[in-house]
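A.B. asks:
Chains as they are written, first to last, in my numbering: chain A, 1 to 226; chain B, 227 to 304.
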C-alpha cells in the first residue's frame, strides 16, 4: 500500500511554532524577540522574481502603517542571506525603496516546513505566498495563502490587522468589507498592469530590456493588457 | 547565532559598544527603553541584549539590563 505523508500545519488559534533564524537584520529568536508585538510573517517564492518584488515594495511602503499598529513585518523565502541582501540592494538601486523589515534566510526550509508554507501541488521547492498574522501572545490569529502567480493585496493584510485589533479592543466582530475609516485606496492606472513572465536564459534577459515593456530591471517588466 | 555584537575573539562591535555606553550613562534600562533611545527595532535590540548577556557583558535585574565588570572594563579600554 502506498504511504501518504501527512504534514502537520499550524492552524488559526494555535501557538505559532518557535524557531531561530538568520535574517537580513541579524539573528532572531521567535517568538521571544517579538514578545508584546503583533507579527505578520509572510513567505515569498524567491528573491529576484517579479511578483515578489512588487509585494516587497508594497510591504515597504506600508511599513509605517504596520508599525503604528505595533506590527513587525517578517519576510521569508528559501534563499540564502547573500541572495536576500543582493535583492534588497537591487530593489533600493532600481526603485529607491528601502526594505525596512527582516527577511529570513530559510535555506534548509525548516521554518517553511514548521509553518506549512510549502505546498507540493504548487511547488515542492519554493514557498507559496503565505501570511500568518500572529498576536502579542504568539497565537496565530489569521492565515492567508496565495499561489505563486498572484501578488497579495497588502492593504487587505493591513485591514485584517485592523479588524483583529478592533475585535480584541471592543469585543466585537467585523462584517464583510469592514474598514476602520473611509479609505483612499490606490486603485491607479499602475494597479491595472500585469507582469511579463521573466526570461530564463541569459540571452533572453539581455534582450528583455529592449522589448518595449516597462521594466524596473530585467526580471521585473510590466505591460498593459489590451 | 551571533548578530555581530561580539566577534569570535571577544571583540565588541561599534553597535555593541554604543549600547554598553548608553547603559553606562543611564545605569539600567529595559529592552523597550533601549529600542526607543536607539531608534532600533525591538527584536534587534533583544537579539543584541541576548548575545551580550550570554558573553558576560550584561546582567539582568527583572526587566532591566545592567553592565557587568567585564563591560566596564571593555568600555574603559576604548
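Think of the CB as a built atom: it goes at the ideal place given N, C-alpha and C, for glycine as much as any other residue.
Return the residues of the region 210 to 226 of chain A that lie within a Cβ-Cβ distance of less than 8 Å from chain B, sorted by chain order.
C.D. replies: Cβ contacts with chain B: none found.
A.B. asks: For residue 302/B, go through chain A and note every residue whose CB falls closer than 7 Å to its CB, in chain order.
C.D. replies: Position 76 of the second chain, counting from 1, holds the residue named residue 302/B. The contacting residues do not exist; residue 302/B stays about 27 Å from chain A at best.
A.B. asks: Give every residue of the same chain whose Cβ lies closer than 8 Å to the Cβ of residue 313/B, excluding the five residues on either side of it in the sequence, and list them in chain order.
C.D. replies: Past the boundaries of the shown model lies residue 313/B; chain B is included only from 227 to 304, so the question cannot be answered.
A.B. asks: Nearest chain B C-beta to residue 19/A closer than 9 Å, yes or no?
C.D. replies: What you label residue 19/A is simply residue 19 of the first chain in a count that begins at 1. No, residue 19/A lies away from the interface with chain B (no Cβ there is under 9 Å from its Cβ).
A.B. asks: Residue range of the beta strand (DSSP E) that residue 40/A falls in?
C.D. replies: Numbered from 1 along the first chain, position 40 holds the residue referred to as residue 40/A. Segment 38 to 43, the beta strand (DSSP E) holding residue 40/A.
A.B. asks: Here's a check: name, in chain order, each residue in its chain whose Cβ is nearer than 8 Å to the Cβ of residue 300/B, leaving out the five neighbours to either side.
C.D. replies: For the purposes of this step, residue 300/B is taken as residue 74 along the second chain, with counting starting at 1. Contacts found: 238, 243, 246, 283.
A.B. asks: Using only the alpha-carbon positions, how far apart do residue 98/A and residue 67/A sit?
C.D. replies: Along the first chain, read from residue 1 onward, the residue named residue 98/A stands at position 98. Along the first chain, read from residue 1 onward, the residue named residue 67/A stands at position 67. Cα to Cα, the separation comes out at about 15 Å.
A.B. asks: Please check if any C-beta of chain A sits within less than 9 Å of the C-beta of residue 245/B.
C.D. replies: Within the second chain, numbered from 1, the residue matching residue 245/B stands at position 19. Cβ-Cβ to chain A under 9 Å: no for residue 245/B.
A.B. asks: Starting from the C-beta of residue 141/A, find all residues in its chain whose C-beta is less than 6 Å away, skip the five residues before and the five after it, and write them out in chain order.
C.D. replies: Translated into positions along the first chain, residue 141/A becomes position 141. If we look at residue 141/A and ignore the five residues flanking it on each side, its Cβ neighbours are 133, 135, 164.
A.B. asks: Assuming residue 154/A and residue 23/A are in contact, meaning their beta carbons sit under 8 Å apart, how far apart are those beta carbons, in whole angstroms?
C.D. replies: As a first step, residue 154/A must be located in the first chain, where it is residue number 154. As a first step, residue 23/A must be located in the first chain, where it is residue number 23. Going by Cβ atoms, the distance from residue 154/A to residue 23/A rounds to 20 Å, so no, they are not a contact pair.
A.B. asks: Applying the 10 Å Cβ sphere with the 16-neighbour rule, what's the burial state of residue 181/A?
C.D. replies: Residue mapping note: residue 181/A aligns to position 181 of the first chain, counting from 1. Exposed is the call here.
A.B. asks: As an exercise, report each continuous alpha helix (DSSP H) stretch of at least 4 residues that is fully enclosed by the region 46 to 114 of chain A, in chain order.
C.D. replies: The region 46 to 114 of chain A contains these whole alpha helix (DSSP H) runs: 50 to 61, 63 to 68, 81 to 95.
A.B. asks: Using a Cβ-Cβ distance cut-off of 9 Å, determine whether residue 34/A contacts chain B.
C.D. replies: Within the first chain, the letter at position 34 stands for residue 34/A. Yes, its Cβ sits closer than 9 Å to a Cβ of chain B.
A.B. asks: Buried or exposed: which applies to residue 130/A, given that a residue is buried once 16 or more other Cβ atoms fall within 10 Å of its Cβ?
C.D. replies: Within the first chain, residue 130/A is the residue found at index 130, counting from 1. Buried: at least 16 other Cβ atoms inside 10 Å.
A.B. asks: Consult DSSP for residue 131/A and reduce its assignment to one of helix, strand or coil.
C.D. replies: The residue you call residue 131/A lines up with position 131 of the first chain. If DSSP states are grouped into helix, strand and coil, residue 131/A belongs with the strands.
A.B. asks: Could you tell me which residues DSSP puts in a beta bridge with residue 146/A?
C.D. replies: By 1-based counting over the first chain, the position of residue 146/A is 146. BP columns for residue 146/A point to 129/A.
A.B. asks: Output the distance between the C-alpha atoms of residue 144/A and residue 156/A, rounded to the nearest integer angstrom.
C.D. replies: Working through the first chain from its first residue, we reach residue 144/A at position 144. Working through the first chain from its first residue, we reach residue 156/A at position 156. Looking at the two C-alpha atoms, the distance is approximately 11 Å.
A.B. asks: Considering only the beta carbon of each residue, do residue 95/A and residue 216/A sit closer than 9 Å?
C.D. replies: Taking the first chain and counting its residues from 1, the one referred to as residue 95/A is at position 95. Taking the first chain and counting its residues from 1, the one referred to as residue 216/A is at position 216. It is a contact, given that the beta carbons lie within the stated cut-off.
A.B. asks: Can you tell me whether DSSP reads residue 266/B as helix, strand or coil?
C.D. replies: To locate residue 266/B, count along the second chain from 1; it is residue 40. In the structure shown, residue 266/B sits in coil (DSSP, three-state: anything other than H, G, I, E or B).
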